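Numbering follows UniProt numbering, in which position 155 of the sequence shown is assigned residue number 155; successive positions increment by one, without gaps. Below is one structure, written out as structure tokens, with a few remarks after it.
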Amino acid sequence: MTKFYKFLISIIILALVCLIFFLAKSNILNLDSLKNLILSSGYFAPLIYIIAFALVPLTFFPDSILAILGGSIFGLGGGFLYTSIGALIGGSISFFISRILGQSFVEKFENDKLKNIQELLKDNGFLMILLLRLIPLFPFDLISYGAGLTKISYKDFALGTLIGTIPGILVFVNLGAQWITFNKTSIYLSVSLLILFIIVSVFLKKIYINKHLAKGN
């Protein structure tokens, strides 16, 4: 990657940071304001939501809370679709930032989890991206940054992200959708699915991820 493209990407990143800082100062970046903005945007509401979700790393909102908000606004079908698009775009932004700017940029955020992610993705990148996306115990953006530093193709990264985020997105979006109707049975079912999702995630981490890391060491 030439110095020009690295400089261009750096300018884009700086512009995004400045935009988020301005929005924060304008008191737009809180959950109630974001919800009101989306609800008042008419046909552009899905686009506003997708952009907000794609910029989760800069908005300081937990992605699970945004997914619940999406379900409460757009329902299960629309919420799932728009959240999936936003998650893929957000993950792709982090992936390409890491791939273009390289280790010198990402090392600022480097920790043991990032090192583990890079180790996991050395072999069978698609499968590991899929598993990591299924496990909410690994930060979403660290997975994307770590993937960008490896040789995994963007196709495998995007496909693994798209498929791997389906269960988590469905659980949180459904929780938001059911909360609006306030059907006790549906809410209890949604919470039960969330608990089951967490249990399965812990199981996957212990059986597959920890085992693979142990082999690498």
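For every residue, glycine included, the Cβ atom is placed at its ideal position computed from N, Cα and C. As the structure is a computational prediction, the values presented were derived from the model and not from experiment.
{"query": "Close Cβ partners of Leu175 (< 6 Å) along its chain, the five nearest in sequence each way excluded", "result": "Ile68, Ser190"}
{"query": "Candidates Arg99, Thr165, Phe157: closest to Ile125 by CA position", "result": "Looking at the sequence itself, residue 125 is Gly, so the reference to Ile does not match. Of Arg99, Thr165, Phe157, the residue nearest in Cα terms is Phe157."}
{"query": "Beta carbon of Gly75 nearer than 8 Å to that of Thr83", "result": "no"}
{"query": "Reduced DSSP category for Asp141 - H, G, I as helix; E, B as strand; rest coil", "result": "helix"}
{"query": "Beta-carbon contacts of Ile152 that lie in its chain and below 8 Å, excluding the five residues immediately before and after", "result": "Leu121, Gly125, Phe126, Ile129"}
{"query": "Asp123 - containing alpha helix (DSSP H), residue span", "result": "That residue, Asp123, is in no alpha helix (DSSP H); it is neither H nor E in DSSP."}
{"query": "Where Pro167 sits in the DSSP three-state scheme", "result": "helix"}
{"query": "Status (buried if at least 16 other CB within 10 Å, exposed otherwise) for Ser98", "result": "buried"}
{"query": "Top-ranked residue by Cα proximity to Ala15, from Leu55, Tyr43, Ile169", "result": "Leu55"}
{"query": "Beta-carbon proximity check, Val52 vs Ile169, cutoff 8 Å", "result": "Rather than Val, the amino acid found at residue 52 in this sequence is Ala. Contact: no."}
{"query": "Distance between Ile65 and Gly42 (C-alpha atoms, nearest Å)", "result": "22 Å"}
{"query": "Exposed unless 16 or more other CB atoms sit within 10 angstroms - verdict on Ser144", "result": "buried"}
{"query": "Contact under 8 Å by Cβ, Ser72 with Trp179", "result": "yes"}
{"query": "Complete alpha helix (DSSP H) runs within the stretch 50-92 (minimum length 4 residues, chain order)", "result": "56-59"}
{"query": "Of the listed residues Asp63, Ile50, Ser94, nearest to Ser78 (C-alpha basis)", "result": "According to the sequence provided, residue 78 is Gly. The question's Ser does not apply to it. Minimum Cα distance to Gly78 is reached at Ile50."}
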